[in-house]
Amino acid sequence: MKSVIRIMIYLIIVVIVVVGGGTIGFISTMNSGMSTYDKSAPELNNVQVPEYDASKPTVAVLLANEVTEVFDFLVPYEMFAMTEAYNVYGVAPERKIKSLTGGLDVIPHYSFDEMDSLLGKSPDLIVIPFMPILDENQYAPVREWIQKHSSVNTTLLSICNGAENLADTGLLDGKSAATHWGDVNRLIKKYPQVQWVKDQRYVQEGSIISSAGLTSGIDATLRVISDQLGDKAAMKVAEQMNYPSYEYVLKPHMEPFNAKLSDISYIMNNAFQWNKLKAGVLLYNGADELDLSSAFDTYGASGTTKTLTVSNQNEPIVTKHGLNIVARYQIKNVPKLEKMIIVGADAEFVADEDINNWKDSGNIAELLFLHRDASERFAMEPAFEDLAEQEDIQTAKFAAKRLEYRATDDLSLKGSAFSLEAFLIPVLLGVMTFLIVLFIDLRFIRKKKKS
1 MKSVIRIMIY LIIVVIVVVG GGTIGFISTM NSGMSTYDKS APELNNVQVP EYDASKPTVA
61 VLLANEVTEV FDFLVPYEMF AMTEAYNVYG VAPERKIKSL TGGLDVIPHY SFDEMDSLLG
121 KSPDLIVIPF MPILDENQYA PVREWIQKHS SVNTTLLSIC NGAENLADTG LLDGKSAATH
181 WGDVNRLIKK YPQVQWVKDQ RYVQEGSIIS SAGLTSGIDA TLRVISDQLG DKAAMKVAEQ
241 MNYPSYEYVL KPHMEPFNAK LSDISYIMNN AFQWNKLKAG VLLYNGADEL DLSSAFDTYG
301 ASGTTKTLTV SNQNEPIVTK HGLNIVARYQ IKNVPKLEKM IIVGADAEFV ADEDINNWKD
361 SGNIAELLFL HRDASERFAM EPAFEDLAEQ EDIQTAKFAA KRLEYRATDD LSLKGSAFSL
421 EAFLIPVLLG VMTFLIVLFI DLRFIRKKKK S
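Each residue of the sequence shown is one higher than the last, beginning at 1 in the numbering used here.
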């Protein structure tokens with residue numbers, strides 16, 4: 001009987017150590033993915049702002065004081081800008097550098113007060129990305145600004161779990177809404193006054209439209225463009241993006257995703273891939289916003305890779321559609337990397353000087369032109385495929401599922417079936433813990449009792 005109890009104690013200790021180690025690893029990964037800008041900021045006095053045209057409706061894409069989801073912000077911004085029919089601005093409580101998940105940092109075009117002063121009224125459309133409420137005092141100005149500008153004359157568009165930010169304002173009370181499949185059950189409990197819909201890519205309720213997870217935001221954004229500018233304008237944007245799922249814009253019904261046992265790879269990667277691959281993402285003038293998102297919201301969000309932004313000089317960089325972004329590292333001081341990701345089908349021409357400077361730097365990181373020979377493909381697809389080769393097929397499959405990307409039939413995923421590292425580490429940790437506990441028991445506890 002004593003032997004059985006002793007073994008049970010051994011196993012309990014093993015479980016505590018393994019679960020504890022995994023919990024620490026998971027929290028560390030999450031914190032790393034939501035890190036904020038902590039470098040010496042470049043000079044911001046001459047930052048470019050897209051010219052305001054009073055004859056065009058204005059779209060304000062929100063940035064939180066702390067962290068904003070990278071896809072949720074970048075992609076709707078680009079899509080509205082692509083139409084050339086809107087004034088499109090990134091706005092935040094303050095006009096200081098703001099961080100997106102994965103480590104990309106953005107300079108808002110305007111603060112909330114500056115936007116109000118410029119327009120003299122509410123924006124015609126406010127895009128609400130997911131902004132984790134980490135600190136109430138830091139977040140409160142965002143909530144208040146959304147509430148201040150909510151009216152039938154302003155369209156509110158929430159992307160992915162931005163629906164939680166919208167629900168937090170009380171503006172969804174008594175209304176239907178969509179959100180990310182991984183969060184919907186939690187939000188049903190947190191906001192029971194909202195009628196959460198699981199089987200639609202987007203839900204339209206008057207002047208409020210909410211999308212399900214990530215790429216569902218493309219459908220919702222195209223729906224808004226179609227409603228305001230016409231079907232041809234929306235289809236043109238979709239074609240320019242090589243977006244393969246326009247049918248959801250017309251009929252948003254879908255079979256909802258649910259958590260499955262196969263999704264455990266995501267948890268294991270975040271918890272036990274302690275030696276994350278360090279990948280740089282080269283920032284250069286003219287970089288496409290969706291292309292940038294394909295790097296940060298696949299690799300960086302997979303739990304396997306730490307993405308570091310790198311630029312030639314410590315100065316603001318202007319994206320294809322007028323966003324000002326900054327890198328945390330320059331070519332001359334970036335830590336040792338295992339991979340340098342360069343996004344964009346035409347990057348080798350647009351960023352040739354930056355690329356040559358990188359090659360001359362002596363850094364031996366693998367150079368990956370993510371979208372080379374992929375000008376006719378949706379930007380996320382090459383990232384899924386490379387992630388499968390870098391890590392494993394199951395990790396790449398979950399990356400697509402997390403993004404609610406449905407057009408997976410044409411993906412060519414090649415690699416290991418699953419992550420050996422992510423599953424082997426907890427096994428080794430458990431065995432080592434068991435052996436250490438057994439040694440302590442035999443060497444000290446039992447020996448002491450015998451003496």
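Note that beta-carbon positions come from the ideal geometry of N, C-alpha and C, so glycine has one too.
About 4 Å separates the Cβ atoms of Leu403 and Leu214, confirming a contact at the 8 Å cut-off. Contact check for Cys160 and Ser226: beta-carbon distance about 20 Å, past the 8 Å limit, so the pair fails to qualify. The distance from the Cβ of Thr307 to that of Ala327 is about 11 Å, inconsistent with a contact at the 8 Å cut-off. Distance between Ile341 and Pro132, taken at the CA atoms: about 27 Å.
Between Leu323 and Val47, the gap from beta carbon to beta carbon reaches 8 Å or more.
In this structure, DSSP gives Leu11 a helical state, which the three-state scheme calls helix. CA-to-CA, the gap between Val70 and Tyr284 works out to about 17 Å. For Phe369, the secondary structure class from DSSP, reduced to helix, strand or coil, is strand. For secondary structure counted as the alpha helix (DSSP H) over 4 or more consecutive residues, the stretch 287 to 322 holds these complete runs in sequence order: 289 to 296. Taking the Cα of Ser245 as reference, the smallest distance to any Cα among Gln228, Ile267, Ile264, Thr221 is reached at Thr221. Here Asn65 is not near Gln147, since their CB atoms are 8 Å or more apart. For the pair Leu424 and Phe439, the Cα-to-Cα distance works out to about 22 Å. DSSP lists Gly280, Leu367 as the bridge partner or partners of Met340.
Taking C-beta atoms as the reference points, Gly22 and Gly300 fail to come closer than 8 Å.
Between Pro57 and Asp116, the gap from beta carbon to beta carbon reaches 8 Å or more.
Contiguous beta strand (DSSP E) elements confined to the stretch 183 to 210 occur at 202 to 205, taking only those with 3 or more residues. Runs of alpha helix (DSSP H) with 4 or more residues, each lying fully within the stretch 97 to 153, are found at 112 to 119, 136 to 148, listed in chain order. Linking His253 to Asp199 through their CA atoms gives a straight-line distance of about 6 Å.
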